[in-house]
Amino acid sequence: MRPLALLPRPGHLRRSVVVVAGVLTGGVFGLAWWVDRFGRREQAGPADALVVLGARVLPGGVPSGALVARVEQAAALYHRGVAPWLLLSGGVGVHPPSEARVMLGLLVRAGVPAEACVLEEQSHSTDDNARFSGRVLRERGARRVVVVSDPYHLLRARQCFRREGWEVATSPAPIAGRMRAWDRCYWTVREAFALLLRPGLLLARAPDGKAA
Numbered sequence: 001m002r003p004l005a006l007l008p009r010p011g012h013l014r015r016s017v018v019v020v021a022g023v024l025t026g027g028v029f030g031l032a033w034w035v036d037r038f039g040r041r042e043q044a045g046p047a048d049a050l051v052v053l054g055a056r057v058l059p060g061g062v063p064s065g066a067l068v069a070r071v072e073q074a075a076a077l078y079h080r081g082v083a084p085w086l087l088l089s090g091g092v093g094v095h096p097p098s099e100a101r102v103m104l105g106l107l108v109r110a111g112v113p114a115e116a117c118v119l120e121e122q123s124h125s126t127d128d129n130a131r132f133s134g135r136v137l138r139e140r141g142a143r144r145v146v147v148v149s150d151p152y153h154l155l156r157a158r159q160c161f162r163r164e165g166w167e168v169a170t171s172p173a174p175i176a177g178r179m180r181a182w183d184r185c186y187w188t189v190r191e192a193f194a195l196l197l198r199p200g201l202l203l204a205r206a207p208d209g210k211a212a
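Numbering (UniProt numbering), first residue to last: 1 to 212.
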């Protein structure tokens with residue numbers, strides 16, 4: 001049996017719990033601040049391809065607001081001449097068809113030629129987006145890409161693509177009018193938790209070795 005003198009005192013234990021909780025809380029909200037600041041920055045510049053990350057498809061194949069906003073942003077970048085083609089990444093979720101196929105229909109209606117779009121329909125996560133998109137990008141000789149997604153999603157998305165070896169810029173889809181401040185806060189903190197649980201992902205660097 002452990003000597004009583006070596007057992008932590010209740011007061012010390014409480015203080016330790018408070019300190020650990022404070023460190024974790026500070027880490028989460030500090031990282032959430034970074035996620036939010038990063039997602040507000042438009043970084044799009046000349047690239048080999050635009051990679052549009054999928055979002056939820058509603059019953060009947062109706063695109064969610066997030067999916068529409070991401071496609072509108074990508075279409076605007078394409079028409080500005082940022083990249084000559086688009087990779088649409090997203091598999092089939094709860095409701096068919098695939099997110100990539102729904103994005104294709106929206107892009108064509110926005111004046112983007114269907115032949116400028118390549119579909120990646122296997123992905124079900126951000127990790128999948130980066131991994132499966134990478135296969136297509138390599139086949140087509142791309143090196144620098146612009147990733148389009150919601151602002152709070154962009155830091156993690158950028159790091160996932162960097163981990164796969166890509167030079168990545170990001171472009172945030174507009175959320176004004178479709179997302180309340182509280183919802184944005186929730187998703188930003190959620191992203192911070194996701195990154196905090198995978199600290200190694202934050203260490204992913206650009207191919208030239210540069211950090212964020």
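Glycine included, every Cβ here is placed at the ideal spot set by N, Cα and C.
Since the model is a prediction, treat every value here as computed from it, not as a measurement.
Starting from residue i, follow the alpha helix (DSSP H) in both directions and report where the run begins and ends.
i	result
V102	99-109
P172	Note, P172: premise wrong, no alpha helix (DSSP H); beta strand (DSSP E) at 167-172.
A157	154-163
R201	With the sequence shown as reference, residue 201 is identified as Leu, and Arg is not the correct amino acid for it. Where L201 is concerned, the enclosing alpha helix (DSSP H) stretches over 199-202.
When the distance is taken between beta carbons, is residue j closer than 8 Å to residue i?
i	j	result
L31	P63	no
R80	V52	no
G97	G61	Sequence check: residue 97 is Pro here, not Gly. Cβ distance < 8 Å, so P97 and G61 count as in contact.
residue 239	R162	Since the first residue shown for the chain is 1 and the last is 212, residue 239 is missing from the structure and cannot be characterised.
Is it buried or exposed, residue i, if we count other Cβ atoms within 10 angstroms and call 16 or more buried?
i	result
L137	buried
D150	buried
D183	exposed
V94	exposed
residue 223	Any property of residue 223 remains undetermined from this structure, which presents the chain solely from 1 to 212.
S89	buried
F132	buried
residue 242	Nothing can be reported for residue 242, as the shown portion of the chain is limited to 1 through 212.
E139	exposed
Can you tell me which of the three DSSP states residue i falls into?
i	result
S64	coil
D208	coil
V189	helix
A74	helix
A194	helix
Need the endpoints of the beta strand (DSSP E) that residue i sits in, please.
i	result
E120	117-120
S123	First-last for S123: undefined, no H or E at that position.
L53	49-53
V82	Looking at the DSSP string, V82 is not in any beta strand (DSSP E), and its letter there is neither H nor E.
R144	144-149
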